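Here our numbering is used: the first residue of the sequence shown is 1, the next is one more, and so on.
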Amino acid sequence: MHCEMPMTVIDQPQGTLTLQTLSMPSDTNPLGDIFGGWLLSQMDIAGAILALEVAQGRVTTVAISGMKFLHPVPVGSLISCYSNLRSIGRTSIRIGIEVWIKDFKTHHRLKVTEGEFVYVAIDDEGKKRPVNEI
Ligand SMILES: CC(C)(COP(=O)(O)OP(=O)(O)OC[C@H]1O[C@@H](n2cnc3c(N)ncnc32)[C@H](O)[C@@H]1OP(=O)(O)O)[C@@H](O)C(=O)NCCC(=O)NCCS
């Protein structure tokens, strides 16, 4: 029997909006587009905002994976970072992060970057601690 699965097109941001900012001329690479390292750092901050809530205290970034730069980002773009809690371990918190930009004239939104960030809950000495222990 031949069974065809319906194709699902997800064109909406996944997760909660945890950070918004504007890309500035000082954030560009030599080609005039936004520098990937700057975007990465916005994503790190966006994920940390959610991780801080989940951990109810200090966190630090331990790993980044699956980074994809999907489209160049022009100067003056509204940068929206969406954070999606994927799992909570003993000391770690896995968060999927997407960056979307929006064209103010057409209202068209475009996902430009995605990746997964892992944060570890830490105590005042910077040592790992169980997520639900403050
Ligand atoms: C984060 C840190 C406190 C972890 O201490 P550690 O003793 O190495 O901890 P572990 O190896 O036991 O890992 C802790 C948790 O992170 C997870 N983890 C560690 N490395 C990982 C990786 N590469 N990918 C995914 N998860 C990872 C572990 O699975 C563990 O999760 P769990 O407790 O929920 O099961 C320590 O490595 C550190 O201080 N790193 C520097 C962090 C930093 O400065 N970040 C800023 C970037 S410049």
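Virtual Cβ for every residue (Gly too), placed ideally from N, Cα, C. On a predicted model such as this, the values are computed, not experimentally measured, just so you know.
{"Item": "Beta carbon of T16 nearer than 8 Å to that of L50", "Value": "yes"}
{"Item": "Separation of G57 from Q12, as counted between CA atoms", "Value": "30 Å"}
{"Item": "Opposing strand residues paired with T61 [DSSP bridges]", "Value": "Y119"}
{"Item": "DSSP-derived helix/strand/coil call for S92", "Value": "strand"}
{"Item": "Buried versus exposed, by CB contacts within 10 Å (16 or more), M1", "Value": "In this prediction, M1 has a pLDDT of 46, which is less than 50 and means its spatial position is unreliable; what the coordinates show is noted afterwards. Result: exposed."}
{"Item": "Buried or exposed (CB count within 10 angstroms, at least 16 for buried), R129", "Value": "buried"}
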